[in-house]
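Structure record follows, encoded as structure tokens.
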Amino acid sequence: MVGPYQLAKTIGAGSMGKVKVALDIRTNKRPASHASCGFLQPRERFTTKDRERRENKDIRIVREVAINRLLHHPNICVLHDVIVHPNHYYIFQELVSGGQMLDYIISHGRL
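Just so you know, full-length UniProt numbering puts 59 at position 59 of the sequence shown, and the rest follows in order with no gaps.
Encoded structure:
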């Protein structure tokens, strides 16, 4: 459980973390959860390079959330919630089936 969300199976993974199916127990809806990789050790134990990588990743995550909160369009996934834990960011978005858009474009050509 992460807040009011029950996390289920992993449906994808990438450079920003894993994507899991989640259930919002308040509404019984299934947003996807993008769970970012966490701070595996205290930052003071990171090398300078590792600390910079982690900070750059944090900036990308915050930027993604900020942009998503500004966008309201039927063709863009809805951002439901963001929960920050000491070791992870959890970004709960609308669950969209059908695979990755990049895979679709590669197999079918441009939209």
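Idealized CB from N, CA, C, for every residue including glycine. Note that this is a predicted model, so its numbers are computed, not measured.
For the segment 53 to 67 against the segment 88 to 100, do three or more pairs of beta-carbon atoms, one drawn from each stretch, fall closer than 8 Å, so that the two count as touching?
At 8 Å Cβ cutoff, the stretches touch.
Between L23 and the rest of its own chain, which residues show a CB-CB distance below 6 Å, the 5 nearest in sequence each way excluded?
On the sequence shown, position 23 is the one that residue 23 refers to. Q6, R30.
Only counting the same chain, and skipping five residues up and downstream in sequence, which positions put a Cβ closer than 8 Å to that of R60?
Position 60 of the sequence shown, counting from 1, holds the residue named residue 60. For R60, where only same-chain residues beyond five positions count, the Cβ hits under 8 Å are M16.
What alpha helix (DSSP H) runs, 4 residues minimum, are completely inside the UniProt domain "Protein kinase" (5 to 111)?
48 to 70, 101 to 108
Is the beta carbon of E94 less than 9 Å from the beta carbon of V78?
The residue given as residue 94 occupies position 94 in the sequence shown. The residue given as residue 78 occupies position 78 in the sequence shown. The Cβ atoms of E94 and V78 lie closer than 9 Å to each other.
To the nearest angstrom, how far is the alpha carbon of V96 from that of A32?
The sequence position of residue 96 within the sequence shown is 96, counting from 1. The sequence position of residue 32 within the sequence shown is 32, counting from 1. Distance between the alpha carbons of V96 and A32: 8 Å.
Own chain residues within Cβ distance below 7 Å of V21, not counting five before or after:
Counting from one through the sequence shown, the residue named residue 21 turns up at place 21. By the criterion of a C-beta distance shorter than 7 Å, V21 is surrounded in its chain by A8, K9, I11, R30, A32, L95, once the five residues flanking it on both sides are discounted.
When you compare only the Cα positions, how much space is there between V84 and M1?
Here residue 84 refers to the residue found at position 84 when the sequence shown is read from its first residue. Here residue 1 refers to the residue found at position 1 when the sequence shown is read from its first residue. C-alpha separation (whole angstroms): 13 Å.
Using CA coordinates, which residue listed in N28, V19, A13 is at the minimum distance from P4?
The residue you call residue 4 lines up with position 4 of the sequence shown. Selected option, being the one with the closest Cα: N28.
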